[in-house]
Each structure stands twice: as structure tokens, then as C-alpha cells.
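Residue numbers (numbering that gives the first Met the number 0), protein chains in the order written: chain A, 0 to 905; chain B, 0 to 82.
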Amino acid sequence: MLPVNLVVLVCLAYVAILFGVAFAGDRRARKDPTGWLSSPLVYTLSISIYCSSWTFFGSVGSAAKNGLEFLTIYLGPTIVFVGWWIFLRKLVTIGRIHHTTSIADFISARFGKSPALGALITILTLVAITPYIALQLKAITASFQVTTYPAGALVAASQRLEPDFVVAFWLAAGLCLFSIMFGVRNIDVNERHHGVIAAIAVEALVKLVAFLAVGIWVFATLSNAPDVMFRNAPVSLLNPEQGFGSRWVALCFLAGAAVICLPRQFQVTVVENSSDEQIRTASWMFPFYLFLMNLFVIPIAMAGLNYLPAGSDPDLFVLTLPMTNGQETIGLLAFIGGFSSATSMVIVSSIALSTMISNHIVMPVAMRFSLVPTGSGQSARNFILTARRMSIVFIIFLGFIYFWVSGTSDALASIGLISFCGLIQPLPSLVAGLYWQRATHRGALAGLAAGFLVWGYTLFLPSFEGAFLMSADVIENGPFGLTWLKPYALFGQDAYDPLVHALLWSMTVNIVLLVAVSLWREPTPLTRFQATLFIDVFRRQTERERGVIRRTARVADLRQIAGRILGPEETVRLFYLDGVGERAVIASDELLSLVETRLAAHVGAATARTLVSQVVTSETISVEELKRLAGEAEQIRAYSAELERKSRQVEATAAELAAANERLREIDVQKDEFLSQVSHEVRTPMTAIRSFSEILLTNRDLDEARKLHFLGIIQSESFRLTRLLDGILDLNVTEPGEQAWDMTVFDPEVAVEHAIATCEPLARAAGVRIRRGRRARHALVLGSQDRLAQVFINLISNAIKHNPNANPEVVVSSSIRANVTYEAKVADNGPGVAPMDRESIFRKFVRGAKAQQGGVGLGLAISRQIAERFGGELCIFDSKAGGAEFVVRLPLCTRDGAGSGHSTAV
Amino acid sequence: MARRSNRQGFRDAAAILPFAAALLLMPPLVRIFATPSIPGAVPPIVLYIFAVWAAIILVALFVARRVGDATDDPEDTPGPGGT
């Protein structure tokens with residue numbers, strides 16, 4: 000045995016350390032809210048309060064009695080956590096965004112901030128969790144008694160010990176103190192408790208280390224070869240075929256649901272969550288923690304069966320094994336591990352429940368009967384804090400009383416699973432709330448209440464074996480002799496284990512009522528709105544969404560309400576730093592929403608809404624808007640992929656359109672220019688013709704020589720005019736879609752020769768030498784020979800005209816490129832064309848910079864159009880001699896007129 | 000684009016993982032290993048469950064690390080709180 004004083008001293012020292020950690024954690028969090036306290040590791044460790052003393056002592060006991068069944072309690076949560084992407088991520092994100100304070104708050108907020116729903120869940124939870132807390136008190140008391148039993152642990156473990164209620168009482172008192180000091184000490188009554196989380200994380204480490212220490216010691220010293228080790232193993236382990244039926248599945252489901260729905264789990268997983276990163280890490284780390292916790296359960300259980308006398312309580316093997324083998328240090332460590340697993344569970348459970356009680360029962364009732372003090376700034380906050388402190392004392396001592404009343408019976412042994420089954424009744428509402436738009440608060444209320452009643456009737460009340468409310472006769476034969484109502488065999492279904500039976504019926508009734516009642520009545524507008532917010536939590540919020548609820552309230556009233564709950568500091572921040580509250584008299588919808596959200600973080604969504612409603616003078620929820628929103632949300636999901644694809648198409652089209660538009664505008668400008676140029680060009684010769692013909696008409700006595708001179712001018716101007724009009728006509732002829740050419744297959748060299756011959760006189764007159772370069776042979780193109788000759792005449796005459804060189808020269812050469820293209824070059828040694836002008840010279844009416852009068856500025860434009868009509872191109876480069884070099888490229892064709900290579904006949 | 004589809008792959012894996020885990024740990028699959036143990040050996044069912052459990056945790060670790068890149072996706076950025 001260990002001396003009582005030593006054990007008590009160690010306990011106190013351990014608690015003192017926890018106090019220190021919690022205190023430091025609180026201070027640290029206040030200074031740096033994003034520090035290591037919100038690290039994924041601490042988060043995961045805090046989730047590990049799932050392993051209560053029921054795990055620490057009970058797993059080994061269960062393994063010794065029922066083989067592998069204990070694993071279901073950890074495999075269920077493993078499945079839920081590795082599946083975080085589907086469910087937990089959404090749950091946690093909503094909880095974080097909406098500042099959820101508890102599972103009751105979450106469900107009540109989702110279903111239109113219904114106060115009734117919050118209150119119902121709170122009461123149900125309180126009923127179901129009391130035995131569970133009693134179980135923890137029992138575990139610590141028992142372990143304390145065994146550790147300190149004067150005749151030694153072995154004797155203590157092999158006989159029936161009367162629970163020492165004095166120890167239990169002081170324990171309960173201590174737990175109250177700790178919970179109050181750190182859970183409800185905060186002046187800031189919001190939803191997170193950094194200090195407690197820090198302490199819980201330390202406790203998680205302590206219990207893991209303690210259990211591993213016992214396990215490793217047992218494995219190293221008491222384990223033998225498998226044949227000896229499994230000598231006394233229970234039948235269910237050696238011949239496990241029977242163990243994997245409905246009970247296995249039901250227990251996995253139960254545990255998986257419990258790890259979401261237990262108030263303490265919801266508190267640490269959802270309420271205390273501050274980032275996605277945390278849940279992402281916990282998704283594998285928490286299952287890993289569970290894995291480590293269970294690694295040595297079977298060796299310890301087997302060693303206990305082998306080395307301890309028959310009749311020893313297997314629930315205490317963890318403690319008695321080291322104690323009977325003289326390993327008192329390890330025994331003390333095991334005791335501390337059990338102590339820490341029980342205390343952390345009780346502390347967090349009572350904090351979570353106290354929040355629920357104060358937010359969903361005390362506050363609504365107090366507001367209904369105007370009991371909330373309205374005096375000074377602190378009084379309302381003190382009222383809430385007091386309510387929570389009282390709730391903690393109430394919860395823990397309810398557990399103590401339960402322990403006291405039932406402690407001597409065996410009823411507590413199986414209460415863990417019974418409790419789980421009651422506590423997971425909110426699960427259907429929770430899941431429906433996250434995924435089903437149509438679920439209503441009436442459906443949730445009906446499903447929850449009915450599921451809970453079925454649980455109470457088929458599992459909870461019969462578990463007292465006739466000692467409480469339900470008599471043994473009713474359990475055996477059904478009420479009033481109605482055998483089809485026997486609690487363990489409703490409608491004669493006696494093939495199942497009572498737990499599976501109760502789980503099946505309660506969940507069935509719960510789900511059926513939830514669905515049926517939800518379908519029966521339309522959801523209220525607020526429920527519909529909240530459903531949209533919750534279900535579409537990963538979608539961006541739109542402006543319209545915020546405009547659904549329109550409320551009117553005076554800023555002064557709102558500030559007073561906020562001040563009472565949030566405290567002066569936060570109120571000032573809320574109202575003044577944003578600058579909203581200073582000038583306005585009527586609060587905006589944004590401010591109202593903001594205040595309500597902040598209030599909800601302190602007192603829950605339902606109470607916050609009631610509070611705000613007190614100062615709101617008018618409220619309208621646009622149902623039409625809401626319906627459209629919900630419809631839109633559906634549509635958005637369905638079409639978002641398509642939209643994305645289309646938007647890319649639209650972008651491409653828009654770019655094309657913009658380019659086309661730009662081109663059109665250019666053409667329009669060109670057209671205007673063209674028209675004014677044409678009028679101008681036509682006007683000049685016309686003026687000359689008109690004035691000279693007028694002179695000839697009025698002055699009939701002019702001498703013959705002058706008449707001839709004037710007639711000559713008239714004639715030359717007419718020629719010029721004709722040339723001009725011919726040019727314009729050519730332009731139109733070459734425009735696409737205009738009259739067709741006579742298409743023939745011909746040798747382009749013929750056109751080149753014709754052009755050179757035509758230009759010879761002009762060249763001779765200007766003193767320009769035309770040199771023939773290398774020439775192509777047997778080339779054939781499809782088109783109009785005259786038109787092509789026109790192109791070359793134009794190019795050569797341009798080269799002759801615009802060449803101020805002292806020794807002017809024009810070189811004409813041609814070649815065949817890659818067997819598909821005919822290429823002709825006309826190069827000169829003139830000044831060339833500046834790069835910036837190279838494209839513009841192909842425009843209509845643009846003449847060279849130093850052009851002499853005479854040309855109408857259409858030649859190159861026409862030439863290019865002709866080349867393009869051939870399917871080729873006309874462009875300009877620098878010639879080797881320093882001047883300009885015009886290149887005509889045309890696609891070749893065969894004798895029968897088909898295009899060769901990639902080029903096509905025009 | 001390759002990265003995007005890769006990420007989608009990990010998301011799918013994250014969604015499938017719990018179902019795969021449940022399948023492996025529930026009857027009828029688990030019953031294959033629930034055979035009477037041979038004297039002198041660790042019962043096969045114990046080895047099977049612990050091995051599957053460890054494997055699930057390893058896969059979850061792998062998936063959680065990879066799927067993390069996805070959190071900066073605009074689709075995943077939740078909007079601010081409502082009323």
C-alpha cells in the first residue's frame with residue numbers, strides 16, 4: 000500500500016501543477032491568441048479527453064471480460080476523424096464562424112435560433128451525463144481506496160470495497176473549485192477557455208505516459224510467449240467469431256457518434272477550434288493517440304488474468320498489477336493517470352454543460368420573468384457568471400448524489416455505454432442541419448424528444464433493475480402485462496442485445512420523426528435563412544444574403560444591451576472604433592448583425608436573438624428573397640462548373656470582338672479618309688477642266704495656239720481623271736466578293752517580262768537601268784495574267800519614279816521556294832522605306848514621303864489586294880543595295896489548275 | 000492544371016478513406032480473420048485489427064498533409080458570420 004498522506008499529497012501537487020499550467024495558459028492566450036496554445040498539437044491533446052477513466056481502467060476490464068469489444072469505442076472515433084473532410088470539417092467551420100458555444104447552441108442556431116430546442120437538448124444532456132460523471136467519481140474513489148488499502152492492493156482488489164463517500168465528496172468539491180476557477184473565472188464570458196485547454200492537454204500527456212509506463216512494464220516483465228500469455232484469455236478473444244455481429248457495428252456507430260455529440264467533445268473539437276489546420280492535424284493524430292492508448296490493453300489484461308487471483312476486479316488491473324508486484328512508483332503513476340483522465344473529463348463536461356444550462360435555461364427564464372439585473376454595467380455579466388458557477392456545482396454534485404444512491408449496486412458498471420446512447424440523440428438533427436435544407440425545428444424537437452423517450456424506456460430506466468421508477472416486473476413482463484412493450488424487447492424483438500435494441504429503436508424513431516415532421520410543415524423564414532448560412536458555409540457570402548433580414552433599432556438601446564453582456568471594453572471597440580455608432584441614431588443592419596454575433600458568442604444564438612429583439616422595433620424577413628437565395632444556392636452549385644467553362648469562352652470571344660471592333664473602327668476611318676481623298680483628287684482635275692472649258696466658251700476670239708494649249712490641258716486632266724477613276728474601279732474589282740476574274744493557269748514570268756517591257760521607255764526616260772536577276776523556270780500560278788502584270792508594272796514604275804540615286808538601278812529576280820511558292824523580287828537602290836512607314840504605304844492614297852506629283856497613291860494598295868486575291872502576299876524588305884525590296888509570293892499550282900502543297904486555288 | 004487535378008485526387012481520397020476504414024473494420028470483412036486462434040500464437044484477429052488501424056492512421060496522415068494545399072482555394076474560404 001501507499002500511505003494515504005503521500006497519495007493525497009501527490010494528488011494535491013498534481014492539481015497545483017495543473018493550476019499553474021491553466022493560469023499560465025490563460026495569461027499567454029491573452030497576450031498572444033495565436034501562440035502555441037492554438038497549435039494543432041494542443042488541440043489534438045485536448046480532444047483526447049475522450050479517454051476518460053472509463054478508458055484508463057475500463058478498457059483493460061472489458062478486454063479481460065469481453066475480448067476485443069473495447070476496441071469499438073476507439074475504432075468508431077477513428078473512422079469519424081479520418082473522415083474529417085466529409086463531416087467534421089464542415090461542423091468545425093460553422094462552429095468557428097458562428098461562435099457556437101455548445102451543441103445545444105449549434106442545433107438551436109441552425110433551426111431558427113429556437114430557444115425550446117436549446118433547452119430540450121440541455122435537459123436531455125444533463126440527464127444522460129449525470130451517471131457518466133458518477134462513473135468517473137467512482138473510478139477515482141475506487142482507485143484511491145485500492146492504492147491506499149492498508150492490507151495491500153491485492154486484498155483490496157479481490158474483495159468488494161464499500162465506496163468511501165468522504166473521499167468522493169472532497170473530490171467533487173475539488174473538481175468544482177477547479178472548473179469554476181478556470182472555466183468560469185473569465186470576466187470575458189465568451190466561448191473559449193484557453194487556460195483549461197492548456198491544463199487538459201497536460202492531463203492528456205500524463206494519462207498517456209502513465210498508461211504506456213504500465214503497459215511497457217507489464218510487457219517487459221510479466222508477458223511471456225503467446226501460449227502462456229493467452230492461457231486464461233476469455234473465450235471471446237480466443238474464439239472471436241461471435242464478437243462481430245450487430246453489437247460490434249452498433250458499438251462502433253455509438254462511439255463514432257459520441258465523439259461528435261458528447262458535450263465535452265463538442266466543446267473541445269468545435270467550440271475551442273480556431274483554425275482548419277487544427278482539425279486537419281487532429282484527423283490523424285487523434286486516432287494515433289487512441290492507438291497508443293490501446294496498444295497495451297490486451298497484454299495488461301492477459302497478465303492480470305494470469306498473475307492476479309481469480310475474482311480480482313479486472314477494472315483495476317492497471318493499478319493492482321504494479322502494486323502487487325512491489326512497483327509502487329508505477330502504481331502511483333497509474334493512479335495519477337486515472338485521476339487525470341477522470342478529472343479532465345469531469346472538468347470539461349461540467350464547463351460545457353454549465354454553459355448550456357446558463358445559456359439555454361437560466362437566461363431565457365430570467366429574461367422571460369425580467370430577472371436579469373439591468374443596473375450597473377457589471378451586474379448582468381455577474382449574473383451570467385454566477386449562473387454558470389452554480390450550474391457547475393449543481394452538475395458535479397448531481398453526479399455525486401447519483402454515485403451515492405447507486406454506488407453499492409453494479410448499475411454503474413455498464414452506465415458508460417448507456418449514457419453514450421442517450422447523448423447521441425442530437426446526432427440526426429446535427430447531420431440533417433448540415434446537409435438538409437428542409438429540416439425544421441419542429442422536426443428536430445419531435446425527433447429528439449421521441450428518441451430520448453425511447454432511450455429512457457428501453458435502456459436507461461431498466462438499467463436500475465427495478466430500483467428507480469420502473470419496477471422489475473415491468474422490465475420482465477412489460478407495463479400492465481403488455482408483453483409487446485417489454486423494455487428490452489419492443490414488439491417482441493428479443494434477438495438483440497439491450498444496447499443494440501435501444502440504439503436501433505431510438506435512432507429509428509428519432510430519424511423518422513425528424514424527417515416526417517420536417518416535411519409536414521414549412522420551415523420558418525429564420526430557419527430557412529440559418530439553413531442557408533450553415534449548409535453553404537463554404538460558399539462566399541453575397542451582399543444580398545445580408546439584406547434578407549431588415550430590422551430597426553436605436554443605436555443607444557443596442558449599445559446598452561451590448562454593454563451589459565459584452566462589457567465596456569468590447570462595446571467601445573464594437574461601436575466606436577468602426578465609427579458606426581457615433582453619428583447614426585438608427586442602427587444599420589450590419590451593426591445589428593455584428594452585435595448579435597458577438598452576443599451569441601457569449602450567451603448563445605437563441606438568447607442573443609431574444610436580447611436584440613428586445614430593442615428591435617420592427618423586423619421583416621423577406622421570404623421571397625430567402626426562397627430565391629436557397630434556389631440560387633442549389634443552382635450555383637449545379638452550374639458553377641459550367642459557368643467557369645463558359646466564362647473562359649466568353650473571355651476569348653470578347654477578345655476577338657475587341658480586335659474586330661478595333662479593326663472596324665480603323666476601316667471606318669480609312670473609308671472616311673478614302674472618300675475625302677477621292678473627292679479631293681477628283682476635284683483638282685475637274686476644276687482645271689471646268690475653268691479652261693469656260694475660258695474657251697467665253698473667249699471665242701482666242702488664237703489657235705492658246706486654244707490648242709488649253710485643250711491640251713483639258714485633255715491631260717481628263718486622262719488623269721480617267722486614270723484615277725480606273726484606279727478606284729480597280730480597287731473595287733479587287734475587293735473580295737466583287738466581280739470574278741477570268742481564272743487561268745499561266746507562267747508568272749510572262750507577266751514579269753510584260754511588265755519590264757512596258758516600263759522600259761519610262762526607265763530610259765528617267766535614266767534608270769533595269770537589270771534582270773536570276774529567274775524562275777516552269778512556274779505556274781492560277782489567276783489573271785493581266786492583273787499580275789499590273790502588279791509588277793506598278794512595282795517597277797514605283798522603283799523607277801522614287802529613286803533619286805545618282806546611278807539608279809532596278810533589279811527584278813524570281814525563284815521557286817520549297818516547290819510550293821513562286822517568289823518575285825523588285826529591288827532598287829533608292830532611299831528605301833523607313834520601318835515605321837512600311838505598313839502604311841500599302842494603304843490607299845498614301846504616297847511616298849518624297850513622292851512627285853502624278854501618282855494617285857492607289858498602286859500599292861491595289862497590288863497588295865491582287866497578290867492576296869492570288870492567295871499570296873506582297874511585302875517590303877530592305878534590299879541588299881540599300882533601297883527597298885518588294886517581294887511578291889504566290890502559291891504555285893499544276894497545269895490542271897489544282898493547288899500544290901498547302902496552297903489552294905483561288 | 001496538373002496540380003489542380005492532383006489536389007482533387009487527394010480530396011477524393013480524403014472522402015473515401017472513412018468508408019474504406021469502416022469496410023475493413025466491420026463485418027463481413029473482419030470476420031475473415033475472426034478465426035479460432037491456434038494455441039501458442041497471438042490470435043489473428045488482434046493482429047489484423049491493430050494492423051488495419053495503424054494503416055488507416057498512416058494513410059490519414061499522408062492525405063491530411065497533401066490535402067492541406069487545398070485550403071487556400073477560394074471555394075473553401077468561408078464568408079464572415081451572419082446574424
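The beta-carbon is built from N, C-alpha and C at its ideal position, and this holds for glycine as well.
The structure displayed is predicted, hence computed values, not measured ones.
Pairwise C-alpha distance: residue j and residue i
i	j	result
residue 106 of chain A	residue 420 of chain A	18 Å
residue 600 of chain A	residue 41 of chain A	22 Å
residue 461 of chain A	residue 429 of chain A	28 Å
residue 424 of chain A	residue 37 of chain B	42 Å
residue 60 of chain B	residue 211 of chain A	22 Å
residue 351 of chain A	residue 266 of chain A	6 Å
residue 592 of chain A	residue 28 of chain B	52 Å
residue 859 of chain A	residue 788 of chain A	13 Å
residue 17 of chain B	residue 457 of chain A	31 Å
residue 792 of chain A	residue 798 of chain A	10 Å
residue 246 of chain A	residue 463 of chain A	21 Å
residue 33 of chain A	residue 279 of chain A	17 Å
residue 779 of chain A	residue 749 of chain A	10 Å
residue 559 of chain A	residue 94 of chain A	27 Å
residue 142 of chain A	residue 92 of chain A	40 Å
residue 75 of chain A	residue 371 of chain A	43 Å
residue 64 of chain A	residue 270 of chain A	37 Å
residue 537 of chain A	residue 179 of chain A	36 Å
According to DSSP, residues forming a beta bridge with residue i
i	result
residue 824 of chain A	A:812, A:886
residue 619 of chain A	A:549
residue 873 of chain A	A:887
residue 10 of chain A	Answer is none; residue 10 of chain A lacks a bridge partner.
residue 260 of chain A	Answer by DSSP bridge pairing: none, since residue 260 of chain A is not bridged.
residue 585 of chain A	A:553
Within-8 Å CB hit, residue i to chain B
i	result
residue 345 of chain A	no
residue 114 of chain A	no
residue 279 of chain A	yes
residue 433 of chain A	no
residue 526 of chain A	no
residue 77 of chain A	yes
residue 565 of chain A	no
residue 101 of chain A	no
Assumed close pair residue i, residue j - CB separation to whole angstroms, cut-off 8 Å
i	j	result
residue 502 of chain A	residue 249 of chain A	5 Å
residue 597 of chain A	residue 569 of chain A	7 Å
residue 451 of chain A	residue 123 of chain A	5 Å
residue 357 of chain A	residue 395 of chain A	Not a contact, Cβ separation roughly 15 Å.
residue 338 of chain A	residue 50 of chain A	Actually they do not touch by this definition, with Cβ atoms about 13 Å apart.
residue 803 of chain A	residue 767 of chain A	About 11 Å separates the two Cβ atoms, so there is no contact after all.
Residue i: CB within 7 Å of a non-hydrogen atom of the ligand SAM
i	result
residue 688 of chain A	Although the ligand SAM was asked about, the structure shown includes no ligands whatsoever.
Test: residue i CB closer than 8 Å to a CB of chain A
i	result
residue 50 of chain B	no
residue 22 of chain B	no
residue 53 of chain B	yes
residue 14 of chain B	yes
residue 90 of chain B	The structure shown does not extend to residue 90 of chain B, since chain B spans only 0 to 82, so no value can be given for it.
residue 60 of chain B	yes
residue 10 of chain B	yes
- Item | Contiguous beta strand (DSSP E) assignments of at least 3 residues, all confined to the segment 551-578 of chain A | Whole beta strand (DSSP E) segments, 3+ residues: zero.
- Message: Counting only Cβ-Cβ distances shorter than 8 Å, please list the residues of the segment 238-261 of chain A near chain C, keeping chain order.
- Response: Among the protein chains in the structure shown, which are A and B, there is no chain C.
- Item | Ranges of the alpha helix (DSSP H) found wholly within the segment 370-423 of chain A, counting only runs of at least 4 | Whole alpha helix (DSSP H) segments, 4+ residues: 378-405, 414-422.
- Item | Whole runs of the beta strand (DSSP E) within the segment 733-804 of chain A, excluding any shorter than 3 residues | Runs of the beta strand (DSSP E) inside the segment 733-804 of chain A: 743-745, 768-771, 780-782.
- Message: To test your reading of the DSSP string, which unbroken alpha helix (DSSP H) runs of 4 or more residues are found completely within the segment 9-67 of chain B?
- Response: Here the runs fully enclosed are 43-66.
- Query: Where are the alpha helix (DSSP H) runs, 4 residues long or more, that stay fully inside the segment 259-331 of chain A, in chain order?
  - Reply: Along the length of the segment 259-331 of chain A, whole alpha helix (DSSP H) runs at least 4 residues long occupy 262-265, 275-294, 296-306, 316-323, reported in chain order.
- Mind pulling the alpha helix (DSSP H) runs of 4 or more residues that sit fully within the segment 186-237 of chain A? If only uninterrupted alpha helix (DSSP H) runs of at least 4 residues are considered, those enclosed by the segment 186-237 of chain A are 193-220, 225-228, 234-237.
- Counting only runs of 4+ residues fully inside the segment 86-142 of chain A, write out the alpha helix (DSSP H) ranges in chain order. Listed in chain order, they are 87-96, 102-109.
- Task: Starting from the N-terminal side, write out each stretch of the alpha helix (DSSP H) that is 4 residues or longer and does not extend beyond the segment 460-485 of chain A.
- Result: Segments of the alpha helix (DSSP H) lying fully in the segment 460-485 of chain A: 471-476.
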